[in-house]
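S.K.: Sending over a structure as structure tokens; questions will come in a sec.
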Amino acid sequence: HYFSTGKENKNSSPEIILGSELAKNLGVKPGSSLRLVAPSGSPTPLGLIPRMQRFSVIGTYTSGMYQYDSALAYTTLAAAQKFFALPAQVSGIAVEVTNIYDSGEIAKEIQQELAYPYWARDWISMNRNLFAALKLERITMFIILALIIMVAAFNIISTLIMVVMEKHKEIAILKTMGLSASRVMRIFVWEGMIIGFAGTLLGLAGSLVICELLKRYDFITLPGDVYYFETSLPVDLQLFHLAATAALSLVLAFIATLYPSYRASRLLPAEALRYE
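Position 55 of the sequence shown, counting from 1, maps to 156 under my numbering, and the rest follow consecutively.
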């Protein structure tokens, strides 16, 4: 969290700290005063009257989470209880855990102990929409990557077919000299695999360089109003993902070589040399 403080509060009004985006939307800054209206009014003979109170803004905070920075404000417990007319009461309790990934099990245990009408939520369930969006984005990126690799595989197919068409005379001569169909097929398989291996190697090297640059320099910034938090694009290189991508690329490259190689191996010398 990042805090920005203002001048010392010399008024008798309670103090409040606003999220940076909330302060920007309200047009206030540290040192300003703010009038808040409670959601429930005060009962009077004339009916409910809105309950209002003035607070002094002593600072702002930036958590990096847009939904928090644009909606949350913090004040003292006593000031909040007085403002919401909840003497000696609280509406919720936050529990900090040692391992954040154990929060789901701990929330279940708390829920079982307290039971209805109390309920417990962990940070994963509170941000379920965010994680669902991230999961969908990850699946989409995988599909896009797979399509790119498929396009590269088709390029290998077209390249090898062109080579077979251009070298049909040489292939025919080699087969006439006794080269077997399996060896002809093996030659073109190896040629396609060399192309696929070179492309995979260059792609991995380029991705490593780009990822390292993204980690060192903030070239891409994620807008908070779209991605829930405003930060630079995070980069997390995992060896498994790199190996899986390389393996998938090589497998598709191998599959792409089969048809052109088979076509070259089935070439008939008499047909190829008929018009030569």
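Glycine is no exception: its CB is placed at the ideal position from the N, C-alpha and C atoms.
Between the C-alpha atoms of residue 174 and residue 218, what's the straight-line distance to the nearest angstrom?
M.R.: Approximately 26 angstroms, taken between the alpha carbons.
S.K.: Excluding the five sequence neighbours on either side, which residues of its own chain have a C-beta within less than 8 angstroms of the C-beta of residue 350, listed in chain order?
M.R.: Same-chain partners within the cutoff: 250, 253, 297, 300, 301, 304.
S.K.: Residue 120 and residue 161 - do their beta-carbons sit closer together than 8 angstroms?
M.R.: Yes, the Cβ-Cβ distance between residue 161 and residue 120 is below 8 angstroms.
S.K.: In angstroms, rounded to a whole number, what distance separates the CA positions of residue 189 and residue 182?
M.R.: Rounded to whole angstroms, residue 189 to residue 182 spans 7 angstroms at the Cα level.
S.K.: Just checking my contact of residue 321 with residue 308 at CB under 8 angstroms: how many whole Å lie between their CB atoms?
M.R.: In fact, because the Cβ distance is near 15 angstroms, the residues do not count as touching under 8 angstroms.
S.K.: So, helix, strand or coil for residue 157, using DSSP?
M.R.: DSSP places residue 157 in strand when its eight states are reduced to three.
S.K.: Taking Cβ positions, are residue 266 and residue 354 nearer each other than 8 angstroms?
M.R.: Not closer than 8 angstroms, so no.
S.K.: Going straight from the alpha carbon of residue 313 to that of residue 184, what length do you get?
M.R.: Their backbone Cα atoms lie some 50 angstroms apart in a straight line.
S.K.: Could you check if residue 139 is buried or exposed, using at least 16 other CB atoms within 10 Å of its CB as the buried criterion?
M.R.: Exposed: under 16 other Cβ atoms inside 10 Å.
S.K.: Tell me, please, which residues DSSP counts as bridged to residue 138.
M.R.: Note: residue 138 sits in a beta bridge opposite 153.
S.K.: Residues in its own chain within less than 8 angstroms of residue 223 by CB, not counting five upstream and five downstream?
M.R.: Excluding positions up to five away in sequence, the list reads 204, 205, 207, 208.
S.K.: Counting only runs of 4+ residues fully inside the segment 269-323, write out the alpha helix (DSSP H) ranges in chain order.
M.R.: Here the runs fully enclosed are 269-277, 282-317.
S.K.: Please specify which runs of the alpha helix (DSSP H), each continuous and at least 4 residues long, are wholly inside the segment 202-257, giving them in chain order.
M.R.: As far as the segment 202-257 is concerned, its whole alpha helix (DSSP H) runs of at least 4 residues are 204-215, 224-227.
S.K.: Please look up how many angstroms separate the CB atoms of residue 264 and residue 358, rounded, as I've assumed it's under 8 angstroms.
M.R.: No, residue 264 and residue 358 are not in contact; Cβ-Cβ is about 11 angstroms, not under 8 angstroms.
S.K.: Using DSSP bridges, identify the partner residues of residue 333.
M.R.: Its beta-bridge partners are 322.
S.K.: In whole angstroms, what separates the C-alpha of residue 158 from that of residue 169?
M.R.: Their backbone Cα atoms lie some 17 angstroms apart in a straight line.
S.K.: Count the other CB atoms, across all protein chains shown, that sit within 10 Å of the CB of residue 122; report buried if there are 16 or more and exposed otherwise.
M.R.: It counts as buried.
S.K.: Residue 174 bridges to which residues according to DSSP?
M.R.: BP columns for residue 174 point to 119.
S.K.: How many Å lie between residue 292 and residue 367 at the Cα?
M.R.: About 17 angstroms.
S.K.: Kindly list the residues whose CB is nearer than 6 angstroms to the CB of residue 153, restricted to its own chain and excluding five residues on each side of it in sequence; keep chain order.
M.R.: Counting only Cβ-Cβ distances below 6 angstroms, and skipping sequence neighbours, we find 136, 138.
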